[in-house]
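Mapped onto my numbering, the consecutive letters of the sequence shown carry residue numbers 3 to 332.
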Amino acid sequence: MPAFTAVAPAKIILFGEHAVVYGMPAIAVPVPVLQARVIIRADVHGEHGSVHLTAPAIALDSELLELNPNHPLRKAVELTAQYLHAAYIPACQITIHSTIPVAAGMGSGAAVSVALMRALAAYLGHPLSPEILSELAYEVEKIHHGNPSGIDNTVIALEQAVYFVRGQPAQPIQICQPFQLVIADSGISSSTAQVVAEVRAAWQTNPNQYETFFKQIAQISTNARRLLESVSKTEPIQPAFLQELGLLMSENQALLVDLGVSCLEIDRLVQAALNSGAYGAKLSGGGKGGNMIALVDDESREAVCLTLKEAGAGRVIVTTIGRRKDNLHR
Ligand code: MEV
Numbered sequence: 003m004p005a006f007t008a009v010a011p012a013k014i015i016l017f018g019e020h021a022v023v024y025g026m027p028a029i030a031v032p033v034p035v036l037q038a039r040v041i042i043r044a045d046v047h048g049e050h051g052s053v054h055l056t057a058p059a060i061a062l063d064s065e066l067l068e069l070n071p072n073h074p075l076r077k078a079v080e081l082t083a084q085y086l087h088a089a090y091i092p093a094c095q096i097t098i099h100s101t102i103p104v105a106a107g108m109g110s111g112a113a114v115s116v117a118l119m120r121a122l123a124a125y126l127g128h129p130l131s132p133e134i135l136s137e138l139a140y141e142v143e144k145i146h147h148g149n150p151s152g153i154d155n156t157v158i159a160l161e162q163a164v165y166f167v168r169g170q171p172a173q174p175i176q177i178c179q180p181f182q183l184v185i186a187d188s189g190i191s192s193s194t195a196q197v198v199a200e201v202r203a204a205w206q207t208n209p210n211q212y213e214t215f216f217k218q219i220a221q222i223s224t225n226a227r228r229l230l231e232s233v234s235k236t237e238p239i240q241p242a243f244l245q246e247l248g249l250l251m252s253e254n255q256a257l258l259v260d261l262g263v264s265c266l267e268i269d270r271l272v273q274a275a276l277n278s279g280a281y282g283a284k285l286s287g288g289g290k291g292g293n294m295i296a297l298v299d300d301e302s303r304e305a306v307c308l309t310l311k312e313a314g315a316g317r318v319i320v321t322t323i324g325r326r327k328d329n330l331h332r
């Protein structure tokens, strides 16, 4: 019997993290250069219904039913089987690999859920649509993040740039002219659930101030969408476009600092990127560590990567947004 393999990409949030939890729009894009990969092989000698899971990166090697009922991987398998009305899963071996850094704001949990559900649905003979995969993965996100907006599972399952408002169908964004981002890891691992909870506590203490911040972030996401969609399909990208997009990123970063979700390491990387020629820079995801992104072009790319490494960044990746095949990995 053949192996069933499925992948799902990492994601970054270009604009609007945290505010999106409160119903404001945000923009996210997939980052296929980093991905979760799940392989399912039928185990013809396995006991009836035996599902064995291995994830070498987290030293997991377990029968499904030995995992806690709330374990995200068990939940992902059971939600998929329930959705497909599968009375049982034919004995199999599930192997999970991921190159997406964990607790780094890049959607590692959602990507593993989507890849696992995608592979399992194929194994059970009923591939699922991206929309259904997103809905099912959202249920697992609740275990990871408590009160997720749903943006991570959406952009990862749809594998396309989205303008997202909580509770509404995602609106795909056409990015007609690709642009380059540097993604740099601060090396600080950070729990999105915890940072989201901290923002909630601060909002409860100071609702007027926080709602003003959220509305300002919403305006930035709206302006960014308009800008991204205004780009001509036929003309090469103009420096004015990069300047404007970069400015919106830096304005968003200033508001993330106001929300209290940046940190010294991220601030240092943002400043280093701007000093070495990036058009704009900000944290991406939950913040208080994790990854930051910087907007570059061919001229500034190498200097920004080098400066970020000198400023203490761990993994530094260059990715092209808007044209899948051009992703670079370093
Ligand atoms: C996490 O990728 C983005 C946050 O806005 C949380 C969420 O949207 O659920 C911080």
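Note that the Cβ used here is the ideal one computed from N, Cα and C, for glycine as well. This structure is a prediction, so every number in the text was calculated from the model and none was measured.
Can the beta-carbon of residue i be found closer than 9 Å to that of residue j?
{"i": "A280", "j": "S302", "result": "yes"}
{"i": "A204", "j": "I295", "result": "no"}
{"i": "T56", "j": "L183", "result": "no"}
{"i": "T7", "j": "I41", "result": "yes"}
{"i": "P132", "j": "L160", "result": "yes"}
{"i": "P32", "j": "A163", "result": "yes"}
{"i": "P74", "j": "H20", "result": "no"}
{"i": "Q245", "j": "V272", "result": "no"}
{"i": "L135", "j": "L86", "result": "no"}
{"i": "D299", "j": "P209", "result": "no"}
{"i": "Q37", "j": "I102", "result": "yes"}
For the putative contact between residue i and residue j, defined by C-beta atoms under 8 Å, what is the C-beta separation to the nearest angstrom?
{"i": "L297", "j": "L247", "result": "6 Å"}
{"i": "V9", "j": "A117", "result": "6 Å"}
{"i": "V53", "j": "L66", "result": "4 Å"}
{"i": "P11", "j": "P34", "result": "4 Å"}
{"i": "V263", "j": "N149", "result": "Wrong, their Cβ atoms sit about 15 Å apart, outside the cutoff."}
{"i": "I219", "j": "G18", "result": "6 Å"}
{"i": "F215", "j": "L261", "result": "6 Å"}
{"i": "K311", "j": "V318", "result": "6 Å"}
{"i": "A305", "j": "S278", "result": "5 Å"}
What first and last residue would you give for the beta strand (DSSP E) that runs through residue i?
{"i": "L55", "result": "53-57"}
{"i": "S286", "result": "282-286"}
{"i": "C307", "result": "Taken as a continuous stretch (DSSP letters only), C307 belongs to no beta strand (DSSP E), being part of the alpha helix (DSSP H) at 303-312."}
{"i": "I96", "result": "94-100"}
{"i": "I323", "result": "318-323"}
When DSSP labels each residue in this structure, what does residue i get in the three-state scheme?
{"i": "G111", "result": "helix"}
{"i": "V263", "result": "coil"}
{"i": "D45", "result": "coil"}
{"i": "K13", "result": "strand"}
{"i": "L130", "result": "coil"}
{"i": "V167", "result": "coil"}
{"i": "P241", "result": "helix"}
{"i": "A296", "result": "strand"}
{"i": "R202", "result": "helix"}
{"i": "T236", "result": "coil"}
{"i": "A275", "result": "helix"}
{"i": "P32", "result": "strand"}
{"i": "V116", "result": "helix"}
{"i": "A21", "result": "helix"}
{"i": "A5", "result": "coil"}
{"i": "V104", "result": "coil"}
{"i": "A38", "result": "strand"}
{"i": "Q173", "result": "strand"}
Which residue comes first and which comes last in the alpha helix (DSSP H) that contains residue i?
{"i": "K290", "result": "No alpha helix (DSSP H) contains K290, which DSSP labels as neither H nor E."}
{"i": "D63", "result": "First-last for D63: 62-65, but that is the beta strand (DSSP E), not the alpha helix (DSSP H)."}
{"i": "L183", "result": "Taken as a continuous stretch (DSSP letters only), L183 belongs to no alpha helix (DSSP H), being part of the beta strand (DSSP E) at 181-187."}
{"i": "Y85", "result": "74-85"}
{"i": "S334", "result": "This structure does not reach residue 334, given that the chain is present from 3 up to 332, and the question cannot be answered."}
{"i": "A159", "result": "153-160"}
Can you confirm whether residue i, when its beta carbon is compared against all beta carbons of chain B, has any partner nearer than 9 Å?
{"i": "R227", "result": "The question asks about chain B, but that chain is absent: this structure has only one protein chain."}
Do the region 191-210 and the region 219-227 make contact, defined as three or more Cβ pairs closer than 8 Å?
no
When you compare the region 147-156 with the region 107-121, are there three or more beta-carbon pairs, one atom per stretch, that lie closer than 8 Å?
yes
Between the region 83-95 and the region 36-55, do at least 3 Cβ pairs fall closer than 8 Å?
yes
Hey, is the region 285-292 in contact with the region 178-193, meaning 3+ C-beta pairs nearer than 8 Å?
yes
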